[in-house]
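Engineer:
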């Protein structure tokens with residue numbers, strides 16, 4: 079399967095997403111967007127037909143320490159993301175790898191050097 083990835087940082091740019099976990103949903107994205115010092119960042123995998131086959135939502139927390147200067151940014155990702163029902167376990171692993179590479183590159187460009195990935199359903203997922 080040929081996929082491309084997009085990074086979305088504003089809710090108005092969100093496409094029709096996969097149904098599944100609340101932690102990777104449109105609702106949480108909108109809530110994070112309105113929360114002070116939190117910025118949502120979602121990576122979506124799009125197939126050759128233009129449909130979303132997977133998504134991962136990251137929460138970027140900005141900490142202000144001295145004179146309102148941002149010294150640290152931390153990202154948190156809950157779980158391995160949401161995928162369409164017809165995607166099998168092996169394809170999920172490949173999509174996860176592609177989306178995480180895109181997401182990490184985006185976070186590093188925006189000076190986010192601490193990335194926490196928690197609550198993986200299967201401990202060997204992604205290896």
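Residue numbers (my numbering): 79 to 205. Glycine included, C-beta positions come from ideal geometry on N, C-alpha and C.
1. So for residue 194, helix, strand or coil by DSSP?
2. Taking DSSP as the reference, what is the three-state secondary structure of residue 108?
3. Grab me the residues of residue 111's own chain with a C-beta within less than 8 Å of its C-beta, minus the 5 sequence neighbours each way, in chain order.
4. Strictly by DSSP, which residues pair up with residue 132?
5. Going along the chain, which residues of its own chain have a beta-carbon closer than 6 Å to the beta-carbon of residue 162, five neighbours each way excluded?
Structural biologist: Per the coordinate set shown:
1. strand
2. helix
3. 88, 89, 117, 118
4. 123, 161
5. 96, 131
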